[in-house]
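> Residue numbers (my numbering), protein chains in the order written: chain A, 926 to 1105; chain B, 926 to 1105.
Ideal Cβ positions, reconstructed from N, Cα and C, are used throughout, including at glycine.
Since the structure is predicted, the reported quantities are computational estimates derived from the model, not experimental observations.
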DNA sequence: CCTGTCACCAAACGATCGTTCGGGAGAACA
DNA sequence: TGTTCTCCCGAACGATCGTTTGGTGACAGG
């Protein structure tokens, strides 16, 4: 079974999500692909580049399948409800682990190549949350609220992963809909 | 200059905060203490035990100097203001890095010895936030709000560390005072 | 002064880290 | 059929990982 670059990224996403960047070795990533670690360098020049490709892949998925739910012709409340539902479903299947958030705390502030990609992801997320809030709060305050809710969502995911408590995330999403 | 166990913990706190658990080597920790890595095993039996002592040290500091601000005879609003002010001052001097949050995402869910200590820290924090909220919201809802605000604070700290944006944290603390 | 005890050094342990390299199997194209 | 390219193996590289061990100088209690 031959692997494409995209296949490797797909397997690597799950390993990085569970063990973090420094906690994941090239041997771990290769094992998840069914190959030897040296063979990974046929697809990527380094571990950093593989991880950066993983960040791009996740961002692309959200940009294609989740953030667009916040826009469109539907009423703002429906759009916000669809957005929160999609986010909840995404992370429910991943036991609350947000790879972007984990990488942000582990290496985000130290390595600028990682930081710019993670910031772009959170900026897009905040903009998506802000969109349904604009009619009621105006552009400026909606942007601030968008960042607030993204922060609250990330913190709720931390509690979900740490203690298995999904109530903060549910309350966050309810508050987002109520604010729309 | 001879070091006590407490001295080592104090130096290790800063190193772990900046580089995370897996990103910090025993040689890094020893260098911060001005000794060789082998000498650390005179004070701690393993890297895990050193890190656990660091978690205990941070928790003890919050329990002694920050969480008590939420209790006492003062009006609830004053207590909440004092609490948020102390939290903001603590993390402002540490560029938004919360070691507990970072460890929670890096190893918290995987290693139960770490998870129980981090959960205890967040539980105490949520209880402190809940105390000034009880008169207005009742015990049950105050507890939920406490967890919500802790989550939001952690997310705001993530954005502060990642993008240098201190507005989400300021807005979180303003919301906490407004909710009291 | 003697005897421990304490904090630390210096060196090494096996294991694993990220990375490199030469080559081989198999499909694609001529 | 011959050639080229893609994907991967197998083995090794030097470096660093967490940890262990034996010993040394300083200091405290008797």
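#1: What first and last residue would you give for the alpha helix (DSSP H) that runs through residue 1039 of chain A?
#2: Is the Cβ-Cβ distance between residue 1082 of chain B and residue 1018 of chain B less than 7 Å?
#3: Work out the CA separation of residue 1026 of chain B and residue 973 of chain A for me, nearest whole Å.
#4: Using alpha carbons as the reference points, say which of A:1024, A:1063, A:1079 lies closest to residue 981 of chain A.
#5: Take residue 994 of chain B as the anchor and find which of B:960, B:1056, B:944 has the nearest alpha-carbon.
#6: Determine whether the Cβ of residue 947 of chain A lies closer than 7 Å to any Cβ atom of chain B.
#7: For a minimum of 4 consecutive residues, which ranges assigned as the alpha helix (DSSP H) are wholly contained in the segment 958 to 1045 of chain B?
#8: Can you tell which of A:948, A:987, A:949 has its C-alpha closest to the C-alpha of residue 1009 of chain A?
#9: Between residue 1086 of chain B and chain A, is the shortest Cβ-Cβ distance under 7 Å, so that the two count as touching?
#10: Should residue 1079 of chain B be flagged as near chain A, meaning a C-beta pair shorter than 7 Å?
#11: If you measure between the beta carbons of residue 1109 of chain A and residue 1071 of chain A, is that distance less than 7 Å?
#12: Within 7 Å (strictly less), CB to CB, does residue 1025 of chain B reach chain A?
#13: What does residue 1042 of chain B reach in chain A if we use C-beta pairs closer than 7 Å?
#14: Using a beta-carbon distance below 7 Å, is residue 982 of chain A in contact with chain B?
#15: Hey, how far is the Cα of residue 1085 of chain A from the Cα of residue 926 of chain B?
#16: Kindly indicate which three-state DSSP category residue 935 of chain B falls into: helix, strand or coil?
#17: For residue 947 of chain B, which of helix, strand or coil comes out of DSSP?
#18: Is there a C-beta anywhere in chain B that falls below 7 Å from the one on residue 1073 of chain A?
#19: What are the residues in the segment 1008 to 1032 of chain B lying within 7 Å of chain A by C-beta distance?
#20: So, is residue 1073 of chain B buried or exposed, given that buried needs 16 or more other C-beta atoms within 10 angstroms?
#21: For the alpha helix (DSSP H) containing residue 1096 of chain B, name the first residue and the last one.
#22: Run through DSSP, which three-state label would residue 1083 of chain A get?
#23: Compare the C-beta of residue 1096 of chain A with all C-beta atoms of chain B and state if any pair is closer than 7 Å.
#24: Please tell me whether residue 1005 of chain A has its Cβ less than 7 Å away from any Cβ of chain B.
#25: On the CB-based measure, 16 or more other CB atoms within 10 Å of its CB, does residue 1078 of chain B come out buried or exposed?
#26: What residues from chain A crowd round residue 1061 of chain B, counting only those whose CB sits closer than 7 Å?
#27: Give the C-beta separation of residue 1016 of chain A and residue 976 of chain A to the nearest angstrom, bearing in mind that I take them to be a contact with Cβ-Cβ under 8 Å.
#28: Can you tell me whether residue 894 of chain A is buried or exposed, with buried defined as 16 or more other CB within 10 angstroms of its CB?
#29: According to the neighbour-count rule (16 or more other Cβ atoms, all chains shown, within 10 Å of its Cβ), is residue 938 of chain B buried or exposed?
#30: Is the Cβ-Cβ distance between residue 1029 of chain B and residue 1043 of chain B less than 7 Å?
#31: Measure how close the beta-carbons of residue 957 of chain B and residue 940 of chain B come, nearest whole angstrom, since I'm counting them as under 8 Å.
#32: Have a look at residue 943 of chain B and residue 949 of chain A and give me their C-alpha separation to the nearest angstrom.
#33: Sort B:1089, B:968, B:990, B:959 by Cα distance to residue 1037 of chain A and report the nearest one.
#34: At the level of alpha carbons, what is the spacing between residue 1069 of chain B and residue 1002 of chain A?
With the given structure in hand:
#1: Per DSSP, residue 1039 of chain A belongs to the alpha helix (DSSP H) from 1037 to 1062.
#2: No, the pair does not count as a contact, with Cβ atoms beyond the cut-off.
#3: Roughly 23 Å between the two C-alpha positions.
#4: Of the listed residues, the one whose Cα sits closest to residue 981 of chain A is A:1024.
#5: Comparing alpha carbon positions, the residue from B:960, B:1056, B:944 closest to residue 994 of chain B is B:1056.
#6: Taking Cβ atoms only, chain B reaches closer than 7 Å to residue 947 of chain A, which makes this a yes.
#7: Counting only runs of 4 or more, we get 972 to 990, 1001 to 1017, 1024 to 1028.
#8: Residue 1009 of chain A has its Cα closest to that of A:987, out of A:948, A:987, A:949.
#9: Flagged as an interface residue toward chain A: residue 1086 of chain B, by a C-beta distance shorter than 7 Å.
#10: By this cut-off, residue 1079 of chain B is an interface position.
#11: Residue 1109 of chain A lies beyond the stretch modelled for chain A, which goes from 926 to 1105, so this question has no answer here.
#12: So, not an interface residue.
#13: Neighbourhood of residue 1042 of chain B in chain A, by CB distance below 7 Å: empty, with the nearest CB roughly 11 Å away.
#14: Judged by the 7 Å Cβ criterion, residue 982 of chain A is not in contact with chain B.
#15: Straight-line Cα distance between these residues: approximately 44 Å.
#16: Three-state DSSP puts residue 935 of chain B in a helix.
#17: The three-state reading of DSSP puts residue 947 of chain B in coil, since its state is none of H, G, I, E or B.
#18: Yes - at least one Cβ of chain B is within 7 Å of the one on residue 1073 of chain A.
#19: Residues passing the 7 Å Cβ filter: 1026, 1027, 1029, 1030, 1031.
#20: Buried is the call here.
#21: Counting along the chain, the alpha helix (DSSP H) containing residue 1096 of chain B begins and ends at 1092 to 1103.
#22: Helix at residue 1083 of chain A.
#23: Interface with chain B (7 Å Cβ-Cβ cutoff): residue 1096 of chain A is included.
#24: At a cut-off of 7 Å between C-beta atoms, residue 1005 of chain A does not count as an interface residue with respect to chain B.
#25: Classification for residue 1078 of chain B: buried.
#26: For residue 1061 of chain B, none of the residues of chain A pass the 7 Å Cβ criterion, the least Cβ distance being about 17 Å.
#27: Not really, about 20 Å apart at Cβ, beyond 8 Å.
#28: Only positions 926 to 1105 of chain A appear in the structure, and residue 894 of chain A is not among them; the question remains open.
#29: Buried, because 16 or more other Cβ atoms sit within 10 Å of the Cβ of residue 938 of chain B.
#30: A contact, by the Cβ cut-off of 7 Å.
#31: Right, their Cβ atoms sit about 5 Å apart.
#32: Pairing residue 943 of chain B with residue 949 of chain A, the inter-Cα distance amounts to about 19 Å.
#33: In terms of CA proximity to residue 1037 of chain A, B:1089 leads the group B:1089, B:968, B:990, B:959.
#34: Distance between residue 1069 of chain B and residue 1002 of chain A, taken at the CA atoms: about 24 Å.
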